[in-house]
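Asker: As given, the protein sequences belong to chains W and X, one line each in that order.
Here this note's numbering is used: the first residue of the first sequence is 1, the next is one more, and so on.
Here this note's numbering is used: the first residue of the second sequence is 1001, the next is one more, and so on.
Each residue gets a CB set at the ideal place from its N, CA and C atoms; glycine is no exception.
There are 2 protein chains.
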Amino acid sequence: MRQERVEEYLGAVYRLRSDADTPLPLAQLAEYFGFSPVSVHEMVQKLEEGGWVQYHPYRGVTLTEAGTDAALALLRRHRLWERFLSDVLSLPWDEAHTVAGDLEHAAPEAVTERLSAFLGEPEACPHGGPIAPQATSALEQCLRSLGVGAEARVTRIAPEAPDLLRRIAQLSLMPGSLVKIVAQTAEATGVALLAEGGRQAVVPAADARAVWMEIV
Amino acid sequence: MRQERVEEYLGAVYRLRSDADTPLPLAQLAEYFGFSPVSVHEMVQKLEEGGWVQYHPYRGVTLTEAGTDAALALLRRHRLWERFLSDVLSLPWDEAHTVAGDLEHAAPEAVTERLSAFLGEPEACPHGGPIAPQATSALEQCLRSLGVGAEARVTRIAPEAPDLLRRIAQLSLMPGSLVKIVAQTAEATGVALLAEGGRQAVVPAADARAVWMEIV
DNA sequence: ACAGTTTATAAGGTATACCTTATAATCCAC
DNA sequence: GTGGATTATAAGGTATACCTTATAAACTGT
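(1) Hey, is residue 108 of chain W's beta-carbon within less than 9 Å of any beta-carbon in chain X?
(2) Under a Cβ-count criterion, where at least 16 other Cβ atoms within 10 Å of its own Cβ denotes burial, should residue 1062 of chain X be classed as buried or exposed?
(3) Could you tell me whether the segment 155-168 of chain W touches the segment 102-109 of chain W, using the rule of 3 or more Cβ pairs below 8 Å?
(4) Below 9 Å between beta carbons is the criterion; list the residues of the segment 1065-1095 of chain X that meet it against any residue of chain W, in chain order.
(5) Since residue 1037 of chain X contacts residue 1024 of chain X with CB under 8 Å, what's their CB separation in whole angstroms?
(6) Per DSSP, what kind of secondary structure is residue 55 of chain W in: helix, strand or coil?
(7) Could you name the residues of chain W that residue 1099 of chain X contacts, counting a contact when the two beta carbons are closer than 8 Å?
(8) Under a Cβ-count criterion, where at least 16 other Cβ atoms within 10 Å of its own Cβ denotes burial, should residue 154 of chain W be classed as buried or exposed?
(9) Assign residue 1060 of chain X to buried or exposed, taking buried as 16 or more other Cβ atoms, counted over all protein chains shown, within 10 Å of its Cβ.
(10) To which residues of the same chain is residue 189 of chain W closer than 6 Å at the C-beta, ignoring the five residues directly before and after it?
(11) What is the residue span of the alpha helix (DSSP H) that residue 1208 of chain X lies within?
(12) Using DSSP's beta-bridge definition, name the partner residues of residue 1112 of chain X.
(13) Which residue wins for smallest C-alpha separation from residue 1006 of chain X, given the options X:1051, X:1032, X:1019?
(14) Using a Cβ-Cβ cutoff of less than 8 Å, which residues in the same chain neighbour residue 1012 of chain X once the five nearest sequence positions on both sides are dropped?
(15) What does a CB cutoff of less than 6 Å around residue 67 of chain W pick up in its chain, not counting 5 residues either side in sequence?
(16) Assign residue 1213 of chain X to one of three DSSP states: helix, strand, or coil.
(17) Mind listing the chain W neighbours of residue 1114 of chain X? Cutoff is C-beta to C-beta under 9 Å, in chain order.
(18) I'd like the list of long-range same chain contacts for residue 1086 of chain X, defined as Cβ closer than 6 Å, with 5 residues on each side in sequence excluded.
(19) Could you tell me which uninterrupted alpha helix (DSSP H) segments, each at least 4 residues in length, are contained entirely in the segment 24-71 of chain W, listed from first to last along the chain?
(20) Should residue 130 of chain W go down as buried or exposed, given a rule of 16 or more other Cβ atoms within 10 Å for buried?
(21) Name the chain X residues whose beta carbon is nearer than 8 Å to that of residue 103 of chain W?
(22) Could you tell me the alpha carbon to alpha carbon distance between residue 945 of chain X and residue 1152 of chain X, rounded to whole angstroms?
(23) State yes or no: is the beta carbon of residue 1033 of chain X nearer than 9 Å to at least one beta carbon in chain W?
(24) Is the beta carbon of residue 1184 of chain X less than 9 Å from the beta carbon of residue 1192 of chain X?
(25) Can you grab the Cα-Cα spacing for the pair residue 169 of chain W / residue 69 of chain W, in whole Å?
(26) Taking the straight line between their C-alpha atoms, what separation do you get for residue 1088 of chain X and residue 91 of chain W?
(27) Between the alpha carbons of residue 40 of chain W and residue 47 of chain W, how many angstroms are there, rounded?
(28) Within 10 angstroms of the Cβ of residue 1043 of chain X, are there 16 or more other Cβ atoms? Answer buried if so, exposed if not.
(29) Do you know whose CA, among W:93, W:58, W:109, W:18, lies nearest residue 77 of chain W's CA?
(30) Report yes if the C-beta distance between residue 15 of chain W and residue 159 of chain W is below 9 Å; otherwise report no.
(31) Buried or exposed, going by whether 16 or more other CB atoms sit within 10 Å of the CB of residue 1094 of chain X?
(32) Put residue 119 of chain W into one of helix, strand or coil per three-state DSSP.
(33) For the ligand NAD, I want to know if residue 1006 of chain X counts as a neighbour, meaning its beta carbon is within less than 8 Å of at least one of the ligand's heavy atoms.
(34) Tell me the rounded alpha-carbon separation between residue 1145 of chain X and residue 1018 of chain X.
(35) Helix, strand or coil: which one does DSSP assign to residue 1153 of chain X?
(36) By the three-class DSSP mapping on this structure, what secondary structure does residue 164 of chain W have?
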């Protein structure tokens, strides 16, 4: 297995899983990568042989300790590069994410740490992902799950899919934004928001699941 | 052909060739990469089909215009990352070169240009390679070719092989260093130098071929 | 001009990581 | 508990870019 491929898979598992103990169905990995389920299955078997994941037939994969460590290290590199690209080179949000996806494999530990120091040891990437990731804060709730009338502040966008980031960015829903839920669309297909400055927007339900918030 | 592989080959041809019109023997490419001559031959054929190089049987390869452009773009990215790693993250010389070798494939045009702007549009990489490379200055001479008694200033180190950079760095022969040739070793196996501050060093003939200087 | 070296090319092999097709096993809902 | 969907696994295929071995062609020095 090439290191880069291993990292991509581990990173995806980490991003897509709901929690450490619930196995992530392979179908979700296949959809995320746009690969066939058979290919993902093959790769997951190799990852299990390598000790990175544990495979629970008919249920999915969980990360081993080694796998979690590798995923966290990758995510750290990813987010630091995102900060660099976004803060220092002023790249747009979603582009920073894409480019960081290439850079994250190319920087050894020592470079990562120096980059972190240069950036002033930031604690979150431009869309709010923690740079030394811990458990999701208990205060964090998904936009999708908030009721009408709730007021909340965006803390992060996760998972970090480029298309999603682009759409979210267009709605100006970056971490820190304060919004109020003003309505639910019929059949729960979306959430209508009133943002700071009086801007209004309707977030599709699928996207609303990726916006994490802290109630204020 | 994967883009990365194409770039590696074009970059190598550009670095190793003596001038634009003299074909670079495949044996030199094979040695540079540590690949078998057969593999290099195969790859060169594909590069020719792709319009990147022209292959002159029994003589070597030259870059087409497209190939030269691609090589220059790669070299520019490489050298800008080197500057970043060296100046901003304070990585040692040779390590910066190695890491830049990974980063150079991962940054699209837009990122490169912003990086250049951030770095203040530098004109040379840490070991003196021009960032918007032009023809080698007519004033530049190879250390190997200088006679005893000559005084010269290092302008650049080329080609940029990691081992070579490490050895040259140990001799403190960075661009800008002023040296005087004090002797030629027996059978021309090396060149003895007197550097600024009175340091003395013997540079093996093979390495001396990679140190470019301007007579003062 | 011929011997010896270098270079070219043919033929077949390896590993990685994808693919499709097809069958088998398991799960879940009614 | 059975049928339909999901998931697993087997079998065989593709492309890339490397490898070795072996033969053939072309160059080069004496």
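Answerer: Walking through what the data contain:
(1) Within the first sequence, residue 108 of chain W is the residue found at index 108, counting from 1. Yes, contact with chain X.
(2) Here residue 1062 of chain X refers to the residue found at position 62 of the second sequence. Result: buried.
(3) no
(4) 1085, 1088, 1089, 1090, 1091, 1095
(5) On the second sequence, residue 1037 of chain X is found 37 positions in, with the first residue counted as 1. On the second sequence, residue 1024 of chain X is found 24 positions in, with the first residue counted as 1. The pair is not a contact, with the Cβ atoms about 13 Å apart (cut-off 8 Å).
(6) Residue mapping note: residue 55 of chain W aligns to position 55 of the first sequence, counting from 1. Residue state, collapsed to three classes: strand.
(7) The residue labelled residue 1099 of chain X in the question sits at position 99 within the second sequence. The contacting residues are 106, 107, 108, 111.
(8) Sequence index remark: in the first sequence, residue 154 of chain W carries index 154 (1-based). Buried, because 16 or more other Cβ atoms sit within 10 Å of the Cβ of residue 154 of chain W.
(9) To locate residue 1060 of chain X, count along the second sequence from 1; it is residue 60. Label assigned to residue 1060 of chain X: buried.
(10) In the first sequence, counting from the first residue as 1, residue 189 of chain W sits at position 189. If we look at residue 189 of chain W and ignore the five residues flanking it on each side, its Cβ neighbours are 205.
(11) To locate residue 1208 of chain X, count along the second sequence from 1; it is residue 208. 1205-1208 is the extent of the alpha helix (DSSP H) around residue 1208 of chain X.
(12) Translated into positions along the second sequence, residue 1112 of chain X becomes position 112. Residue 1112 of chain X is not bridged to any residue.
(13) By 1-based counting over the second sequence, the position of residue 1006 of chain X is 6. Measuring from the Cα of residue 1006 of chain X, the nearest candidate turns out to be X:1051.
(14) Indexing the second sequence from 1 puts residue 1012 of chain X at position 12. Correct list, in chain order: 1029, 1032, 1033.
(15) Within the first sequence, numbered from 1, the residue matching residue 67 of chain W stands at position 67. Correct list, in chain order: 10, 52, 53.
(16) Against the second sequence, residue 1213 of chain X aligns to sequence position 213. Correct three-state label for residue 1213 of chain X: strand.
(17) Against the second sequence, residue 1114 of chain X aligns to sequence position 114. Here the neighbours are 85, 88, 89, 90, 91.
(18) Here residue 1086 of chain X refers to the residue found at position 86 of the second sequence. Answer for residue 1086 of chain X: 1096, 1126, listed in chain order.
(19) 26-33, 37-49
(20) Looking up residue 130 of chain W in the first sequence gives position 130. Per the 10 Å Cβ criterion, buried.
(21) The sequence position of residue 103 of chain W within the first sequence is 103, counting from 1. 1103, 1106, 1107, listed in chain order.
(22) Outside the shown range of chain X (1001 to 1216) lies residue 945 of chain X, about which nothing can therefore be said.
(23) Along the second sequence, read from residue 1 onward, the residue named residue 1033 of chain X stands at position 33. By this cut-off, residue 1033 of chain X is not an interface position.
(24) Residue numbering aside, residue 1184 of chain X sits at position 184 when the second sequence is read from its first letter. Residue numbering aside, residue 1192 of chain X sits at position 192 when the second sequence is read from its first letter. Yes, the Cβ-Cβ distance between residue 1184 of chain X and residue 1192 of chain X is below 9 Å.
(25) One-based indexing of the first sequence puts residue 169 of chain W at position 169. One-based indexing of the first sequence puts residue 69 of chain W at position 69. One C-alpha to the other measures close to 30 Å.
(26) In the second sequence, counting from the first residue as 1, residue 1088 of chain X sits at position 88. In the first sequence, counting from the first residue as 1, residue 91 of chain W sits at position 91. Rounded to whole angstroms, residue 1088 of chain X to residue 91 of chain W spans 19 Å at the Cα level.
(27) Here the question's residue 40 of chain W lines up with position 40 in the first sequence. Here the question's residue 47 of chain W lines up with position 47 in the first sequence. Those two C-alpha atoms are separated by around 10 Å.
(28) The residue given as residue 1043 of chain X occupies position 43 in the second sequence. So residue 1043 of chain X ends up on the buried side.
(29) Position 77 of the first sequence, counted from the start, is the residue given in the question as residue 77 of chain W. When each option's Cα is compared against that of residue 77 of chain W, the closest is W:109.
(30) Position 15 of the first sequence, counting from 1, holds the residue named residue 15 of chain W. Position 159 of the first sequence, counting from 1, holds the residue named residue 159 of chain W. Yes, the Cβ-Cβ distance between residue 15 of chain W and residue 159 of chain W is below 9 Å.
(31) Numbered from its first residue, the second sequence carries residue 1094 of chain X at position 94. Buried is the call here.
(32) Translated into the one-based positions of the first sequence, residue 119 of chain W becomes position 119. Of the three classes helix, strand and coil, the one that applies to residue 119 of chain W here is coil, per DSSP.
(33) Annotation note on the ligand NAD: not contained in the displayed structure, which lists no ligands.
(34) As a position in the second sequence, residue 1145 of chain X is number 145, starting the count at 1. As a position in the second sequence, residue 1018 of chain X is number 18, starting the count at 1. Cα to Cα, residue 1145 of chain X sits roughly 15 Å from residue 1018 of chain X.
(35) For the purposes of this step, residue 1153 of chain X is taken as the residue at position 153 of the second sequence. Strand.
(36) Counted from its first residue, the first sequence places residue 164 of chain W at position 164. Here residue 164 of chain W sits in helix by DSSP.
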